[in-house]
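Working notes for the structure below.
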Amino acid sequence: MVTYRLAALLGSAALLAGCAANEGAPNALALVTDTATTAPAHVGNFMLVDQNLVAHELYRMGSGPAVVIVTQANGDSVIRASAAQVNRLAETYGPKGVEVVMLNPTAKDTLEGVQAEVQKAGFKVPVMMDNNQLIGESLGVTRSAEAVVINPRTWQVVYRGALGGAPDAIDALVAGRPVSVAGAASKGAPIAFAKRNSGKLTYVKDVAPILEARCVACHSPGGIGPFAMTSYDMVKGFAPMIREVIRTDRMPPYAADPRVGHFSDSKNLTPAEIKTLVHWVEAGAPRGEGSDPLAVKKIAAPEWPLGKPDLILKVPSYKVPASGTVDYQRPFTVNTETEGRWIRATAVKPGDRRAVHHLLSGWMKEAPKNGVSSEGNWRNSVGRYAVGSEADVYTGDVGTYLPPGGAVGFQMHYTPYGKEAVDASEVGIYFRKDPPKYIMRQVAISDPTITIPPNTAYHEEQAYLEFPKEALLYSAFVHAHYRATASDLWIQYADGKKKLLLSMPRYDFNWQRAYTFAEPVKVPAGARLIARYWYDNSKRNPANPDPKIQVTWGEQSHEEMLFTQIEFRWMDETAAQQIDSDARFQDTRLLGAMDDNLDGKVQKAELRGQFGKNLAPRFEMIDANKDGAIDKLEMNEAMKAMQSQRRRAEASPAAAAGR
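Here you go:
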């Protein structure tokens, strides 16, 4: 089972062998054999995104008897005319467990172009976009309308050729017979592949500079990477793994699809860098002449990536047991600052990366008398951490405020990993010299009513947050657990029009981070930010603890969350004139969590989770206008009544009970 603690120690690359849906899938360290010029002895794993920004990983498609890939190119009359034939393959063999997908291996066709072509031709199967041409190249395809049939028991290509011969090959695999079909050549349009320069690529000249710029910061002694890129010999030994994690888009660990939006903190490799690294590995990883660039520089991971902090907050140490489930720990530390300070950056140094699942923090006016920090008393964030996240840096005219005195509370989620450990994490704070002009605010789009059915491969949930005043959106931090498989973020304007801001076709539980927009996004008054999540609660998900159970919201990783934390600033707020930010969302936050169909109301069918169960008996009473739904005003009145009842119960249980 994939866990945060493993990823913290080893990184996603070390988990490759466990990520194959079929136990017979080749290991990441298997020899590289699927090169471009000949039919591959076996097909290496890959992940590509289709025209709907849905991710498809080859080895996760391997639970059935066959995988069929049909090539497609925009404008090709042959594949257009074959749309019904392709659709029929999926309709006929899908119920038998056969995966049928299409592959656009051209470098010229855009996302929008493929979307339009799918509509025009009437394709009913996903079209995976191979813009770097690495997958089409490695499969040895040459034309559009070419069928490639793969045996997932061995990951070998058993048929390649015209579509007409594919059914016989599939029938043989379904029946467990050897495939003896000779494939006729496809008559589709030729697909042009860029000329490879693999013979000229070397580690010294071409590869080491990319690794130093993109990879060594994590893959260095003391870094989070599973191995240190300290020399040619070390890199060459992991070359097959490097190729696989690039082809499956696990590395670099930045899940934002480059086709959507622009981000200032992007870790994505350029297409040229991707092809250089993969082609170098496939050419045998030649060293080249000259001194070893990585061995000469001897790069080591710094204790604090941003330099020594101005203030270090020490989280009280905690003994993590070797096994079992650990409830959230909520310690605190006294704030020793006697004057209010403006924060320009925060960084968290986990005491034990294997044990620390996440850390959240918040300033409180006073230290809790019972010794337990309560998130309800937090006012300002003072740093956050989840595996894969980096320091939070506020540039320009924005910052966050640490008031004087009081205390800083922490929410600590620990995950045992087989031996007893003691964690003593630290939060480093970096202050501004002068006050900023604006305040960076944080708020979460969340839905505690999510309900994920068992044995379901692609279950969607969504929630939104409505902005009553104009704001600027700076970043989004996406968080869920084992079963999450994808997420995105939309803005919906008051007139109903929507725009996609962030797309994560493959959510990676092991690498959770903020995605910072290159230019802040204007959020007009009345607009919504909509967070959508998809969950894979099936046996195909290698991280799934149990696909046979219904899953609901919960704090532990075997439960689930829908939680997108955004950072923004109000356009009408300055550091000198502050407002109550949380109060502005009170009227719509609960509605946005429960309103699954985004119509601005909550129908009885949308009452899910524990809160829905509590609200259901009161539904008719809350629905004052008797229109069969609870609107914003009715929800607010109900919340006021429930809060009043809770306060009376706390003051006098007997009085609240009517005695």
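Counted the way this note's numbering counts, the sequence shown spans residues 5 to 663. Every residue, glycine too, gets a C-beta built ideally from N, C-alpha and C. In this text the structure is predicted, and so the values were computed from the model without any measurement.
- Judged by DSSP in its simplified three-state form, residue 205 adopts coil rather than helix or strand.
- Closest in C-alpha terms to residue 271, from the list 433, 385, 254, comes 254.
- Secondary structure within the segment 381-433: the beta strand (DSSP E) runs of 3 or more consecutive residues, fully enclosed, are 388-390, 402-406, 411-418, 425-427 (chain order).
- Here residue 463 has 456, 539 as same chain residues with Cβ atoms under 6 Å from its own Cβ, once five neighbours each way along the sequence are excluded.
- The Cβ neighbour count for residue 266, taken over all protein chains shown within 10 Å, is under 16; the residue is labelled exposed.
- With fewer than 16 other beta carbons inside 10 angstroms of its own, residue 342 counts as exposed.
- Taking a 10 Å sphere around the C-beta of residue 596, we find 16 or more other C-beta atoms and assign the residue as buried.
- Here residue 194 carries a strand assignment [DSSP, helix/strand/coil].
- The alpha-carbon of residue 105 is positioned some 6 Å away from that of residue 72.
- Here residue 388 has 364 as same chain residues with Cβ atoms under 6 Å from its own Cβ, once five neighbours each way along the sequence are excluded.
- When 529, 507, 522, 403 are compared, the shortest CA-CA separation from residue 499 is found for 529.
- Exclusion of the five residues before and after residue 352 leaves 363, 387, 389, 431 as the residues of its chain whose Cβ lies within less than 6 Å of its Cβ.
- Look at the segment 520-544 and you find these whole runs of beta strand (DSSP E), each 3 residues long or longer: 532-541.
- In the DSSP annotation of this structure, the continuous segment of the beta strand (DSSP E) that includes residue 463 starts and ends at 460-470.
- If you check the CB distance, residue 449 and residue 557 do not come in under 7 Å.
- Shortest Cα-Cα distance from residue 411 to any of 475, 324, 480, 338 involves 338.
- A straight-line Cα-Cα distance of about 7 Å links residue 481 and residue 516.
- Following the DSSP letters along the chain, one finds residue 573 inside the beta strand (DSSP E) bounded by residues 567-574.
- Secondary structure at residue 340: coil, using DSSP grouped into helix, strand and coil.
- In the DSSP assignment, no residue is bridged to residue 374.
- Under the three-state reduction of DSSP output, residue 51 falls in the strand class.
- Rounded to whole angstroms, residue 189 and residue 150 show a C-alpha spacing of 8 Å.
- If you look at residue 90, you'll find it in the alpha helix (DSSP H) that goes 87-97.
- Its chain contains 517 as the residues whose beta carbon lies nearer than 7 Å to that of residue 394, once the 5 sequence neighbours on both sides are disregarded; these appear in chain order.
- The three-state reading of DSSP puts residue 133 in strand, counting E and B together.
- Within the same chain, Cβ atoms closer than 8 Å to the Cβ of residue 347 are found at 386, 398, 403, 404, 405, 406, 433, 434, 435, 436, the five residues on either side in sequence being excluded.
- For residue 363, there is no enclosing alpha helix (DSSP H); the enclosing beta strand (DSSP E) covers residues 360-368.
- Around the C-beta of residue 489, 16 or more other C-beta atoms lie within 10 Å, and the residue is accordingly described as buried.
- Annotated three-state conformation of residue 515 is coil, per DSSP.
- One alpha carbon belongs to residue 274, the other to residue 264, and they sit about 15 Å apart.
- Spatial neighbours of residue 222 in its own chain (CB-CB distance under 6 Å, excluding positions within 5 residues in sequence) are listed in chain order as 228, 229.
- If you look at residue 623, you'll find it in the alpha helix (DSSP H) that goes 623-626.
- A residue is called buried once 16 or more other Cβ atoms fall within 10 Å of its Cβ, and residue 506 is buried on that count.
- Spatial neighbours of residue 494 in its own chain (CB-CB distance under 6 Å, excluding positions within 5 residues in sequence) are listed in chain order as 502, 504, 534.
- When secondary structure is reduced to three states using DSSP, residue 67 falls in the coil class, being assigned neither helix nor strand.
- Straight across, the Cα-Cα distance linking residue 252 with residue 292 is about 27 Å.
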